[in-house]
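Enquirer: These protein sequences, in sequence, are chains Z and F.
Using the working numbering, read the first sequence as starting at -10 and increasing by one per residue.
Using the working numbering, read the second sequence as starting at 103 and increasing by one per residue.
One structure, pasted below without further comment.
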Amino acid sequence: MRKIWEFFKGTLVLVSKGSAAYYAWMLSLLALMAVGVAAYAYQLQNGLIVTAMRDQVSWGFYISNFTFLVGVAAAAVLLVIPAYVYKWKPIKEIAVLGEMLAVSAMVMCLLFVTVDIGRPDRFWHLFPKIGILNFPQSLLAWDVVVLNIYLVLNLVIAVYICYKFYNREEPNPNFFNPMILFSIPAAVSIHTVTAFLYNGLAARPFWNASILAPRFLASAFCSGPAFMIILFQLIRKYTRIQIRNEAIFKIAELIAYAMFINLFLLGAEVFKEYYSNTIHLAPMQYLFFGLKGHSNLVPYIWTAMVFNISAFLLFLVPRTRENFFTLNVGCVLIFIGVYIEKGMGLVIPGLVPDVLGEIYEYSPTGTELLLSLGIWATGLFVYTLLLRVAVPILTGEFFLGEDGVKPVIVDTEFIRRADQLAESSYRD
Amino acid sequence: MPKGKARDLQAFGMSRRKMMKGAAAVLGALALPGKDAPASVWESFFQKNFRELSNAEKAQVVARLEKEYSAKYGKPVKVGTKPPLEGVLYGYGLDLSRCIGCRRCVYACVAENNQSRNPQIHWIRVLQLDKERGVDLEEAEQYYNPAKVPEKGHFYMPVQCQQCESPPCVKVCPVQATWKELDGITVVDYNWCIGCRYCMAACPYGARHFNWKRAGLPAGEMNPDTHYLGNRPRPIGVVEKCTFCIQRVRNVPGRYTACVEICPVGARKFGNLLDPDSEIRYIIENKRVFILKEDLNTRPKFYYFYAT
């Protein structure tokens, strides 16, 4: 017990120490979080009237961000499968960073849902026993269950790996392997359930298409890994962690396949709606070409289309996939493209035109934007904290001392240029 | 690395006090009742779902709400909890050949059911449709505003909660804050709803409305004869909907809803579907009747018909 307590104290020391760059980064995130808190206080004071949501478009920017981030979280599984099932070493070393990304994305998801509900003071109504969780009837109840399981699962896996490394031990396979294997269907489930949440509503033809869940999964395997590729390059530049090029290129290759499936499924959907040309075409028409002079989303969705297709081509050709400039351009394009397509591009046309044919053009207010910015900052803050502890452990700069109780902390800087680093590891 | 260096760097001193700092600050951000809040605030915070309340607890809740509303609106307010009547299943008929689109029903409903005046919440919405196109919702106009109705070439279709036998809104609620009563009325427990608005996404008729803001309900216009599941004042951040004037129709068997009562052309009909002699049964059996969005299998108990 004492050992764990000392480990915990050590992690607190770690997160409070760092280079000037680390402090600057964390302080700017804290500043943005403060802006988010102020925006939320304003919203609590006045009600959701301060958003642009109304009865016609009853979900907006918050739920769009939530939907996108569920995809980012599910994408950790793209690292886990090659790492642990196929025991591919280059990715195995860094899979824990993917699990931590999943934890941070889940935190953001839960925050986005919290700020969207009208009565956050009644959150306890969702707890089984003391409240009433309408399980298995409501897909939202399913979502609450699987999101929380996924959050806890990834947190446990990441903390367990780190603690074992810190103790200079190998993870116990009898405990560890079942959890890792379980995390794969769990990742698929958070995405499938979130897709079903929309999919099950017969009132909304744009969502009520069976292709929605597969499309969700395909696009998730694009956005999350694209973020990871950029992040891995930053991590290996500014910390002592080594990440091999072949791991990065392999992830890029997987993104290319996922993006192909995503574009194919989208094409299938577009064909069906336009060729059959029923009244259910209206939302898609609104999204791609505008309806009766209302066309707020049109420039966004075409941007997303161009970005996704260009990124797909960049990742398909080995020469551009393995060139870091074009690779990074592709990652940025995919992240933005999927953010538009899976966020506002999915949620808003589900509600426009509304069930009685009314068109209410939604675009988020300043309060919604600032509050969302605060939540993104919170997610990055959480992820940086997790990295601050995990990176020194992985590089052998934070480990159990020889007395078997006290930790040894070598890394007091965290973010620094790789060329200023000394030997690759202090441990040996 | 040299061992001496490692030992020097060994765990910086860290007091427990230091770690606890700042933890308390987070709690302030939550919208929970403060420490000094009056007992009634805590009572309402911990109130159970209406369907789980015992009779004694119901009486307590009603007493608390009546006191609160009476003080707020400056007149004695009654909050009823009358359960469904035996052998009654409410049904509604709307004669599209008669409706002139005057919207008197809309405002009678607002007055009876204590909807917010600012911002305006309407449980009934009247669609203006083209006679040539028929019931084509994509071409419907809700905000028609001529000097005189009806306008040539148009007909009017009021839409409100269709009181589905198989309500999609009830199924999706994550906390069972909304349900269908035995007399067929779908109700909301405004004290249990968490305001996630999933039911609004699920409803094919746009019948559910959200309190985006604190309800603007002038004391003078407040109807003090209320029902817990119906027209009592709604708190901010919850969903509300038409209840077939539950406070009226349960109290006096046979009484009409406010919208039926006000309709100047008799386009609105209301009655007991289980009574073979009721007017609504006569309409279903003898007129050309249709239900809205039949393909969704929601099985509305709201029948549109053409009497002439």
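Don't be surprised by glycine CBs; every beta carbon is placed ideally from N, CA and C.
Keep in mind that this is a model prediction, so the values were computed, not measured.
Hey, is Ala130 of chain Z's beta-carbon within less than 8 Å of any beta-carbon in chain F?
Expert: yes
Enquirer: What's the C-alpha gap between Asn312 of chain Z and Phe124 of chain Z?
Expert: 49 Å
Enquirer: Since His114 of chain Z sits in a beta bridge, which residues does DSSP pair it with?
Expert: Note: His114 of chain Z sits in no beta bridge, so no partner.
Enquirer: With a threshold of 8 Å, are at least 3 pairs of Cβ atoms found where one atom belongs to the region 42 to 58 of chain Z and the other to the region 112 to 127 of chain Z?
Expert: Verdict: no, contact absent.
Enquirer: In whole angstroms, what separates the C-alpha of Lys233 of chain F from that of Leu239 of chain F?
Expert: 12 Å
Enquirer: Within 10 Å of its beta-carbon, does Tyr245 of chain F have 16 or more other beta-carbons around it, so buried, or fewer, so exposed?
Expert: exposed
Enquirer: On the criterion of 16 or more Cβ atoms from any shown chain inside 10 Å, does Phe372 of chain F qualify as buried, or is it exposed?
Expert: buried
Enquirer: For Thr183 of chain F, which option in F:Arg383, F:Leu375, F:Lys160 has the closest C-alpha, if you only look at C-alpha atoms?
Expert: F:Lys160
Enquirer: Can you find a CB in chain F that lies within less than 8 Å of the CB of Val344 of chain Z?
Expert: yes
Enquirer: Alpha helix (DSSP H) containing Tyr75 of chain Z: first to last residue?
Expert: That residue, Tyr75 of chain Z, is in no alpha helix (DSSP H); it is neither H nor E in DSSP.
Enquirer: By how many angstroms is the C-alpha of Ile(-7) of chain Z removed from the C-alpha of Asp392 of chain Z?
Expert: 14 Å
Enquirer: Within its chain, find whatever has a CB closer than 8 Å to the CB of Ser8 of chain Z; leave out the 5 residues flanking it on each side and keep chain order.
Expert: Glu402, Phe403, Ile404, Arg405
Enquirer: Once you ignore the five residues that flank Pro272 of chain Z on each side, which residues in its own chain have a CB closer than 6 Å to its CB?
Expert: Phe195, Pro338
Enquirer: Sorry if obvious, but does the Cβ on Met89 of chain Z come closer than 7 Å to a heavy atom of the ligand GDP?
Expert: This structure simply doesn't include the ligand GDP, nor any ligand for that matter.
Enquirer: Would you kindly check if the distance between the Cβ of Ser299 of chain Z and the Cβ of Leu322 of chain Z is under 8 Å?
Expert: yes
Enquirer: Alpha carbon to alpha carbon, what distance is there between His283 of chain Z and Thr292 of chain Z?
Expert: Cα to Cα, the separation comes out at about 18 Å.
Enquirer: When you check each C-beta in the region 272 to 303 of chain F against every C-beta of chain Z, which residues fall closer than 8 Å?
Expert: For the region 272 to 303 of chain F, the beta-carbon criterion of a distance under 8 Å to any beta-carbon of chain Z is satisfied by Lys273, Val274, Cys275, Pro276, Val277, Gln278, Ala279, Trp294, Cys295, Ile296, Gly297, Cys298, Arg299, Tyr300, Met302, Ala303.
Enquirer: Starting from the C-beta of Phe205 of chain Z, find all residues in its chain whose C-beta is less than 6 Å away, skip the five residues before and the five after it, and write them out in chain order.
Expert: His180, Ala184
Enquirer: Roughly how many whole angstroms lie between the Cα atoms of Glu387 of chain F and Val340 of chain F?
Expert: 38 Å
Enquirer: So, is Gln217 of chain F buried or exposed, given that buried needs 16 or more other C-beta atoms within 10 angstroms?
Expert: buried
Enquirer: Buried or exposed: which applies to Ile268 of chain Z, given that a residue is buried once 16 or more other Cβ atoms fall within 10 Å of its Cβ?
Expert: Counting the other Cβ atoms within 10 Å of the Cβ of Ile268 of chain Z gives fewer than 16, which makes it exposed.
Enquirer: Evaluate contact between the region 348 to 357 of chain F and the region 201 to 210 of chain F, counting only Cβ atoms and requiring at least three cross-stretch pairs below 8 Å.
Expert: no
Enquirer: Quick one: which chain Z residues come within Cβ less than 8 Å of Cys305 of chain F?
Expert: Ala192, Val344
Enquirer: Indicate the three-state DSSP secondary structure (helix, strand or coil) for Met302 of chain F in the structure shown.
Expert: Helix.
Enquirer: Pick helix, strand or coil for Pro160 of chain Z, following the three-state DSSP scheme.
Expert: Coil at Pro160 of chain Z, not helix or strand.
Enquirer: Any chance the region 87 to 102 of chain Z sits against the region 358 to 375 of chain Z, with 3 or more Cβ pairs inside 8 Å?
Expert: yes
Enquirer: So, for Glu168 of chain F: in the same chain, excluding its five sequence neighbours on each side, which residues have a beta-carbon less than 7 Å away from its beta-carbon?
Expert: Val179, Lys180, Val181
Enquirer: Can you tell me the Cα-Cα spacing of Gly124 of chain F and Ile364 of chain Z, whole angstroms?
Expert: Legend: pLDDT at Gly124 of chain F = 37, less than 50; position of this residue unreliable, no value from coordinates given.
Enquirer: Buried or exposed: which applies to Tyr31 of chain Z, given that a residue is buried once 16 or more other Cβ atoms fall within 10 Å of its Cβ?
Expert: exposed
Enquirer: When you compare only the Cα positions, how much space is there between Leu362 of chain Z and Gly25 of chain Z?
Expert: 7 Å
Enquirer: Is the shortest distance between the beta-carbon of His329 of chain F and the beta-carbons of chain Z less than 8 Å?
Expert: no
Enquirer: What residues in its chain sit with their C-beta under 8 Å from that of Ile382 of chain F, if we drop five residues either side in the sequence?
Expert: Gly193, Tyr194, Gly195, Lys371, Phe372, Gly373, Asn374, Leu375, Tyr405
Enquirer: Any Cβ of chain Z within less than 8 Å of the Cβ of Ala127 of chain F?
Expert: Low local confidence applies: a pLDDT of 39 at Ala127 of chain F is under 50, so the model's placement there is unreliable, with the coordinate-based value given in what follows. Chain Z contact via Cβ: absent.
Enquirer: Three or more C-beta pairs closer than 8 Å, one from the region 209 to 223 of chain Z and one from the region 323 to 334 of chain Z: is that the case here?
Expert: With the cut-off at 8 Å, the region 209 to 223 of chain Z and the region 323 to 334 of chain Z touch.
Enquirer: Do we get a CB-CB distance below 8 Å when we pair Val133 of chain Z with the residues of chain F?
Expert: yes
Enquirer: Within a Cβ cutoff of 6 Å, which residues of the same chain sit near Trp225 of chain F, ignoring the five residues on either side of it in sequence?
Expert: So the list reads Cys211, Gln262, Cys344, once near-sequence residues are dropped.
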